[in-house]
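Just so you know, the protein sequences line up as chains E and X, in that order. FYI, numbering that gives the first Met the number 0 numbers position 153 of the first sequence as 152, with every residue one higher than the one before it. FYI, numbering that gives the first Met the number 0 numbers position 202 of the second sequence as 201, with every residue one higher than the one before it.
Protein chains: 2
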Amino acid sequence: MDDTDTTFAVIGTGGIGRRALEVSQYKPDLTPVAACDKHGVAIDETGLDVEAVLAAIEDGPEPAETDGGQEVKRHGPDDGVVAAEEGTASDDPIGAIIEASDAIDAVLLAVPNYEHDFIPRVADRFVEGGFSGVLVDVLKRSRVIGMLEERATAFEEAGITFVCGAGATPGFLTGAAALAAQSFVEVESVDIWWGVGLKSGYEDNRGTVREDIAHLEGYDLETARNLSAAEVEEIVDDHGGVIEFTDMEHADDVLLERAGICAADAVTVGGVLDVRSDEKPTTTTVTVTGKTFDGERATNRFELDDATSMEANVNGPALGYLKAAVRRNRAGEYGVLGPAEILPAF
Amino acid sequence: MDDTDTTFAVIGTGGIGRRALEVSQYKPDLTPVAACDKHGVAIDETGLDVEAVLAAIEDGPEPAETDGGQEVKRHGPDDGVVAAEEGTASDDPIGAIIEASDAIDAVLLAVPNYEHDFIPRVADRFVEGGFSGVLVDVLKRSRVIGMLEERATAFEEAGITFVCGAGATPGFLTGAAALAAQSFVEVESVDIWWGVGLKSGYEDNRGTVREDIAHLEGYDLETARNLSAAEVEEIVDDHGGVIEFTDMEHADDVLLERAGICAADAVTVGGVLDVRSDEKPTTTTVTVTGKTFDGERATNRFELDDATSMEANVNGPALGYLKAAVRRNRAGEYGVLGPAEILPAF
Numbered sequence: 000m001d002d003t004d005t006t007f008a009v010i011g012t013g014g015i016g017r018r019a020l021e022v023s024q025y026k027p028d029l030t031p032v033a034a035c036d037k038h039g040v041a042i043d044e045t046g047l048d049v050e051a052v053l054a055a056i057e058d059g060p061e062p063a064e065t066d067g068g069q070e071v072k073r074h075g076p077d078d079g080v081v082a083a084e085e086g087t088a089s090d091d092p093i094g095a096i097i098e099a100s101d102a103i104d105a106v107l108l109a110v111p112n113y114e115h116d117f118i119p120r121v122a123d124r125f126v127e128g129g130f131s132g133v134l135v136d137v138l139k140r141s142r143v144i145g146m147l148e149e150r151a152t153a154f155e156e157a158g159i160t161f162v163c164g165a166g167a168t169p170g171f172l173t174g175a176a177a178l179a180a181q182s183f184v185e186v187e188s189v190d191i192w193w194g195v196g197l198k199s200g201y202e203d204n205r206g207t208v209r210e211d212i213a214h215l216e217g218y219d220l221e222t223a224r225n226l227s228a229a230e231v232e233e234i235v236d237d238h239g240g241v242i243e244f245t246d247m248e249h250a251d252d253v254l255l256e257r258a259g260i261c262a263a264d265a266v267t268v269g270g271v272l273d274v275r276s277d278e279k280p281t282t283t284t285v286t287v288t289g290k291t292f293d294g295e296r297a298t299n300r301f302e303l304d305d306a307t308s309m310e311a312n313v314n315g316p317a318l319g320y321l322k323a324a325v326r327r328n329r330a331g332e333y334g335v336l337g338p339a340e341i342l343p344a345f
Numbered sequence: 000m001d002d003t004d005t006t007f008a009v010i011g012t013g014g015i016g017r018r019a020l021e022v023s024q025y026k027p028d029l030t031p032v033a034a035c036d037k038h039g040v041a042i043d044e045t046g047l048d049v050e051a052v053l054a055a056i057e058d059g060p061e062p063a064e065t066d067g068g069q070e071v072k073r074h075g076p077d078d079g080v081v082a083a084e085e086g087t088a089s090d091d092p093i094g095a096i097i098e099a100s101d102a103i104d105a106v107l108l109a110v111p112n113y114e115h116d117f118i119p120r121v122a123d124r125f126v127e128g129g130f131s132g133v134l135v136d137v138l139k140r141s142r143v144i145g146m147l148e149e150r151a152t153a154f155e156e157a158g159i160t161f162v163c164g165a166g167a168t169p170g171f172l173t174g175a176a177a178l179a180a181q182s183f184v185e186v187e188s189v190d191i192w193w194g195v196g197l198k199s200g201y202e203d204n205r206g207t208v209r210e211d212i213a214h215l216e217g218y219d220l221e222t223a224r225n226l227s228a229a230e231v232e233e234i235v236d237d238h239g240g241v242i243e244f245t246d247m248e249h250a251d252d253v254l255l256e257r258a259g260i261c262a263a264d265a266v267t268v269g270g271v272l273d274v275r276s277d278e279k280p281t282t283t284t285v286t287v288t289g290k291t292f293d294g295e296r297a298t299n300r301f302e303l304d305d306a307t308s309m310e311a312n313v314n315g316p317a318l319g320y321l322k323a324a325v326r327r328n329r330a331g332e333y334g335v336l337g338p339a340e341i342l343p344a345f
């Protein structure tokens, strides 16, 4: 086995989890060996048949209905991972993955929209189950980081390297901010501004859209989670399908403070979501303003091409951070790491 | 001692070495404890008096002549580190630093313009001297990386973490390219384009200018090193003070290949140097073009503000990579690392 060869599991098979499985097929040193959702788990220590698993989740016994865009997950009682030939029904799919975890180097927690302590509680289960390896999440909310930091000692004792906030933002753009800060001796502000066009991906990313709605005035995670599909549609309609967000609670702030880049309150995150077009409504940028040692004030800038989808910008970095974390884990570095402390491997 | 507290030495007190000492004063967890040049060494395990050392190097017994810009290094027989109160003359200044290296966590090799095997040979001396810690260089040339890789096992056995090419390019911009690549499953091209305005810094960065001249057609490192100051001036005059470089041999190519981002020949480096203005003649950018997993071709872009000087963009990253490498070293990760494998700490 090459020292970069890595087996990994995906918890959650929504848009992010499934696309992570798909993107991993472009990474010869990454082998997906397990995947689960609420009702089922698929484990194959020699490597999942990703195409078959995705087809089963997306098509089920009958082809799924779509609006002409990409495949979406089916949500019937016999759908999801359990529909795959490698899948079995389970009352405790996460427990099944923990049981198999001796053969798993890293676990991607692709569950962005559950309650705040869901990811920390899953991490606790991995600690209790004797797992020593890498856990990576794609969480968004600042307040979760502290819950994970409280567990740092437990992770260290278990030999777990936990990378928190490793999606697009926080994640990709947090790393870009940390890098752009290197010209400066003092960082005055970090502005993260994202654009997402999600027409064909809308069906498949309702969890992400719901999480975004929770950032709007008058909503929080709980009220957003309890919205019916019709209520979500009504909110989307009220905004003409294009919703602008400002001052979002994204963990870029605490993750950059952790890394010593700047105070959390110097970081602002906002963006525009368009669920009726695949074109981005605005260009995704990271701008970092600071002072240089020789007395200049300046602004460095990182810009993603409008042609890069949200899915590409979440899953590439998530797997990149996962690979980088496996390297750290194998070198014996345990505990909690943010994206600004670890450059994603390719 | 906090686990990020780091003592470091600087070998070379040209523009880069001296500005690294200066920039380190903004980093509370970095303590410079040693510095040397060809004729002298200053060591103070409790921390050098940086202002006094820099003043002694730059002013000597009499204030140095400048063209109204920043201070420059004096080059008389009693000048340099030896002129500082903490400095002493030495026949073997590097040997003196190796002798004191039990108290040194990291060494910045700020000697960009010597012969190709100078840095590898200095590293050999640190290995032979029993040093275990971090070595960081700001080299530019692709061919040196292989010489360092040949020593990877020796570094691992010694407990040395060597970060090669940790200045602006390679270094800062290599890291930016690695990050910008994360949207893609296949990187088609990386273009690094730099602008440097070096009027007031010209006197102090003749080594860098000479290294750049070696990239021009008809020159190599040896012929450039043997040019008299008058001959360098003549070349600069022939170009009207503004020299454009294309297809430079900068190690960004092999460092990105090492990190698995793309083939070395997909990387191009070029730029424009203006020694008669402090304004940058062109904006420094990194553009990375690739294909996403969902079939788009796109170009991500990283851009440095024109107000950031070459000195800011070399020394911030060099110390950032140094700090990140100390963390790796303390976790037990040894050998050779490129900037794309390590995000600079702030």
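Glycine is no exception: its CB is placed at the ideal position from the N, C-alpha and C atoms.
What three-state label does DSSP hand residue i in the structure shown?
i: L336 (chain X); result: strand
i: T152 (chain E); result: helix
i: D58 (chain E); result: helix
i: V106 (chain E); result: strand
i: D91 (chain E); result: coil
i: A165 (chain E); result: coil
i: N299 (chain X); result: strand
i: I234 (chain E); result: helix
i: E182 (chain X); result: First, the amino acid is wrong: residue 182 (chain X) is Ser here, not Glu. It is helical.
i: K322 (chain X); result: helix
i: L342 (chain X); result: coil
i: P280 (chain X); result: coil
i: L134 (chain X); result: strand
i: E98 (chain E); result: helix
i: G86 (chain E); result: strand
So residue i contacts chain B; which residues on that side make the cut at Cβ distance below 8 Å?
i: A258 (chain E); result: The structure shown contains no chain B; its protein chains are E and X.
At the 9 Å Cβ level, is residue i part of the contact set with chain E, yes or no?
i: R327 (chain X); result: yes
i: L178 (chain X); result: yes
i: V186 (chain X); result: yes
i: M0 (chain X); result: Only weak support exists for where M0 (chain X) lies, its pLDDT of 44 falling under 50; the coordinates are left without a value.
i: G174 (chain X); result: yes
i: G68 (chain X); result: At G68 (chain X), the pLDDT of 45 sits below 50, so the modelled position is not reliable; the number obtained from the coordinates is stated separately. So, not an interface residue.
Work out the CA separation of residue j and residue i for me, nearest whole Å.
i: A177 (chain X); j: A344 (chain E); result: 8 Å
i: G164 (chain E); j: P31 (chain X); result: 34 Å
i: I10 (chain X); j: W193 (chain E); result: 43 Å
i: V133 (chain X); j: G129 (chain E); result: 34 Å
i: V22 (chain E); j: Q181 (chain X); result: 11 Å
i: I103 (chain X); j: A8 (chain X); result: 7 Å
i: G79 (chain E); j: H38 (chain E); result: 8 Å
i: D199 (chain E); j: I118 (chain E); result: Here residue 199 (chain E) turns out to be Ser, not Asp, going by the sequence shown. Near 28 Å, if we compare the C-alpha coordinates of I118 (chain E) and S199 (chain E).
i: A297 (chain X); j: V40 (chain X); result: 51 Å
i: A330 (chain E); j: L29 (chain E); result: 18 Å
i: K139 (chain E); j: H249 (chain E); result: 5 Å
i: L226 (chain X); j: D219 (chain X); result: 11 Å
i: D286 (chain E); j: A265 (chain E); result: First, the residue type needs correcting, since residue 286 (chain E) is Thr and not Asp in the sequence shown. Each residue's Cα considered, the two are about 12 Å apart.
i: I431 (chain X); j: A223 (chain X); result: As shown, chain X starts at 0 and ends at 345. That puts residue 431 (chain X) outside it, with no answer to give.
i: L342 (chain X); j: E202 (chain E); result: 36 Å
Less than 9 Å between CB atoms is the rule here; does residue i satisfy it with respect to chain X?
i: S182 (chain E); result: yes
i: G319 (chain E); result: yes
i: F171 (chain E); result: yes
i: G331 (chain E); result: yes
i: I341 (chain E); result: yes
i: A265 (chain E); result: no
To the nearest whole angstrom, what separates the beta carbons of residue i and residue j, a pair I think is in contact under 8 Å?
i: R124 (chain E); j: I97 (chain E); result: 6 Å
i: G289 (chain E); j: E187 (chain E); result: 5 Å
i: V137 (chain E); j: I56 (chain E); result: Their Cβ separation, rounded to whole angstroms, is 19 Å, which puts V137 (chain E) and I56 (chain E) out of contact at 8 Å.
i: G170 (chain E); j: P338 (chain E); result: 5 Å
i: A99 (chain E); j: V135 (chain E); result: Their Cβ separation, rounded to whole angstroms, is 18 Å, which puts A99 (chain E) and V135 (chain E) out of contact at 8 Å.
i: T160 (chain X); j: A324 (chain X); result: 5 Å
**Request:** Closer than 9 Å, Cβ to Cβ, to anything on chain E: give me those residues from the stretch 2 to 22 of chain X, in chain order.
**Result:** T3, R18, E21, V22
**Item:** Near-chain X residues of the stretch 292 to 315 of chain E - C-beta to any C-beta below 9 Å
**Value:** F292, D293, E295, R296, A297, T298, N299, R300, F301, E302, L303, D304, D305, A306, T307, S308, E310, A311, N312, N314, G315
**Request:** Return the residues of the stretch 22 to 41 of chain X that lie within a Cβ-Cβ distance of less than 7 Å from chain E, sorted by chain order.
**Result:** V22, Y25
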